[in-house]
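Residue numbers (my numbering), protein chains in the order written: chain A, 977 to 1309; chain B, 686 to 978.
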């Protein structure tokens, strides 16, 4: 049973330089209680996809131009603004990248958590503060009663992200969208926050969409992964399958650009040089004729530059958008 | 020794309230000088009936007396006590300064919040504000007062109108910078309604710069009031206000300069005190603001 079904989502921004096709036809499903990773480099449309699901794209600059987002029997693209507002933070919650600036500096932690509880669960302020205390305990903040009265600047980055998680989960959402939740934190705190998110997911049954550019984070936490490039999906696979046998040249390039501790050099002396992906991400203002990755791809053939590849299942639950997927898989083996 | 006692011993001794106050003064003396001057002035105004003689009592026999034992600040051409008139005149300046600052802050805050937050209204309202700003405030006041009966109320209205756009601009620019902050985005992502978002998340963040701007408006309102009274377009001439006292002493300036200089010095000191308070508050409040941004 799918909780969230995104079909052919297209989000565009209207700038002075032309239309930016930030998300260009994305389709995916999210099952209840699942952890889905969305990876790709900066500007590939990961965050815009997340913002589109919550309809948080500023109407002055951009718009969802096509596609549907089905959640809980409704198409989110057609809901009224008021209906969207009751859904946000209640059924679908979001955590942002910047824990240092995502909390209002002039409000206490307690107020910021309780506000959401009052808004969505209709509790009294008193009961909501009690709930806020429980949530702080749940995200393992010591002395929750004292912390409720504190302001964000009195908390460290890791604690602020815990508070953000507490706010996001206080109304028992069905879906939690985490947009680079650990990028701004240092590595030890990253691991703690990820563990916390996974533990709470198990406990509360929340499905998570984890947006990141860090493949290590994906490998540790996600069950299924979507790889995005230039606003399009290039590969979708169970995490194990993706890391073991990437079918798309871009995914392959990403994985080979990761430093590995266990890899031995081919000559036996030291580790191999890290590979890079040559070239640059294409400008999203111009329509791309063939495969978006074509110009940077070592496997590209004539067809790649003229015909956009379609996502097709090459292995069980493993879908890839590449004309030469077979050759890529062979090369990887 | 228990662990708790050891921890207590390690803590620095708690500073006495007096030492804390002294430290605060040393860190930011302008606030305290400004506040002390203003407090003295307010106290003087409140105590006026007891410390000063009747400001209206004329005594032609004592006219144009220089400052002396019975008349600290001398007398004017009607033999009225300049000290009594100056002390009572402070009342007008303070009332005008405070009410203009309060009223224009409230109006400016409301308009600025809406303008900064709702882009559709912004263009229209800001052009209206530009229009108001282009009217010279003295001319507007003179026009308003000739249209109605002169009085304290109309003076306040006449000064509020041109001061509102100054507040609106400050509030609007702060709102514009706050609405792009991640915490506003995350509040929206949490399903917060527009009114709540404005009142609970945006409004408190605008207060610090608003308070600072309000002190400047207060000082400038006092100056404009004195200017209007001097021109005969302010509070009615029978009410002692610093502007009126100066205007009436003008003709005898060469033989009785004290009736001009003393209210003038009080006006200057008051405006200076308010501005110092504003500057001090800006230094005190802005670093926190800068850290936030």
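Virtual Cβ for every residue (Gly too), placed ideally from N, Cα, C.
Q | Close-in-space but distant-in-sequence residues of the same chain around residue 713 of chain B (CB under 7 Å, 5 per side omitted) | A | 965, 968, 969
Q: Could you tell me which chain A residues have their CB closer than 8 Å to the CB of residue 868 of chain B, listed as they occur along the chain?
A: 1077, 1078, 1079, 1080, 1081
Q: Verify whether the separation of the beta carbon atoms of residue 1169 of chain A and residue 1123 of chain A is less than 7 Å.
A: no
Q: Indicate the three-state DSSP secondary structure (helix, strand or coil) for residue 786 of chain B in the structure shown.
A: helix
Q: Just tell me which of A:1042, A:994, A:1020, A:1007 has its CA closest to the CA of residue 1001 of chain A.
A: A:1042
Q) In three-state DSSP terms, what is residue 807 of chain B? A) helix
**Q.** Length of the line joining the Cα atoms of residue 1204 of chain A and residue 1022 of chain A
**A.** 7 Å
Q) Do we get a CB-CB distance below 7 Å when we pair residue 874 of chain B with the residues of chain A? A) yes
Q | Delimiting residues of the beta strand (DSSP E) encompassing residue 1209 of chain A | A | 1208 to 1214
Q: Could you tell me which uninterrupted alpha helix (DSSP H) segments, each at least 4 residues in length, are contained entirely in the region 825 to 897 of chain B, listed from first to last along the chain?
A: 837 to 863, 867 to 874
Q) So which residues on chain A does residue 877 of chain B lean against when the C-beta distance must stay under 9 Å? A) 1061, 1064, 1065, 1091, 1092, 1095
Q. Mind checking whether residue 1044 of chain A and residue 983 of chain A have CB atoms under 7 Å apart?
A. yes
Q) With respect to the alpha helix (DSSP H) encompassing residue 1226 of chain A, which residues constitute its N-terminal and C-terminal limits? A) 1225 to 1232
Q. Shorter than 7 Å from the beta carbon of residue 871 of chain B to some beta carbon of chain A?
A. yes
**Q.** Option in B:856, B:841, B:961, B:882 with minimal Cα separation from residue 913 of chain B
**A.** B:841
Q: Decide yes or no for the touch test of the region 1206 to 1220 of chain A against the region 1005 to 1021 of chain A: beta carbon pairs closer than 8 Å, at least 3 of them.
A: yes
**Q.** Residues bridged to residue 1071 of chain A [DSSP beta-bridge criterion]
**A.** A:1154
Q. Which residue's Cα is closest to the Cα of residue 1157 of chain A: A:1097, A:1134, A:1176, A:1179?
A. A:1134
Q: Alpha carbon to alpha carbon, how far is residue 1025 of chain A from residue 1052 of chain A? Give it in angstroms, no decimals.
A: 13 Å
Q) So, is residue 1040 of chain A buried or exposed, given that buried needs 16 or more other C-beta atoms within 10 angstroms? A) buried
(Q) According to DSSP, simplified to helix, strand and coil, what is residue 962 of chain B? (A) helix
Q. In this structure, does DSSP put residue 815 of chain B in helix, strand or coil?
A. helix
**Q.** 8 Å Cβ shell around residue 897 of chain B - same chain, five flanking residues per side excluded
**A.** 963, 966, 967, 970, 971
Q: Might you give, ordered along the chain, the residues of its own chain that have their beta carbon closer than 6 Å to the beta carbon of residue 1139 of chain A, omitting 5 neighbours on each side?
A: 1085
Q. Going by Cα to Cα distance, which pick from A:1055, A:1176, A:1032, A:1195 is closest to residue 865 of chain B?
A. A:1032
Q | Whole-angstrom distance between residue 786 of chain B and residue 952 of chain B, CA atom to CA atom | A | 17 Å
**Q.** Three-state secondary structure assigned by DSSP to residue 1183 of chain A
**A.** strand
Q) Where do the N-terminal and C-terminal ends of the beta strand (DSSP E) with residue 1102 of chain A fall, by residue? A) Segment 1101 to 1114 is the alpha helix (DSSP H) holding residue 1102 of chain A; no beta strand (DSSP E) there.
(Q) the ligand FAD and residue 1136 of chain A: does the residue's C-beta get closer than 6 Å to at least one heavy atom of that ligand? (A) The ligand FAD is absent from the structure shown, which contains no ligands of any kind.
Q) Enumerated in chain order, which unbroken segments of the beta strand (DSSP E) with a length of 3 residues or greater are wholly contained in the region 715 to 740 of chain B? A) none
Q | Sequence-distant residues of the same chain with beta carbon closer than 6 Å to residue 1294 of chain A, five excluded per side | A | 1213, 1217
Q) Which residues of chain A have a Cβ atom closer than 9 Å to the Cβ of residue 804 of chain B, listed in chain order? A) 1036
**Q.** Inter-residue CB distance, residue 917 of chain B and residue 910 of chain B (contact presumed, cutoff 8 Å)
**A.** That belief does not hold up - the Cβ atoms of residue 917 of chain B and residue 910 of chain B are roughly 13 Å apart, past 8 Å.
Q: With 9 Å as the C-beta to C-beta threshold (strictly closer), list the residues of the region 1112 to 1146 of chain A near chain B in chain order.
A: 1128, 1129, 1140, 1143, 1144
Q. So, is the C-beta of residue 890 of chain B closer than 7 Å to a C-beta in chain A?
A. yes
Q: Determine whether the Cβ of residue 1173 of chain A lies closer than 7 Å to any Cβ atom of chain B.
A: no
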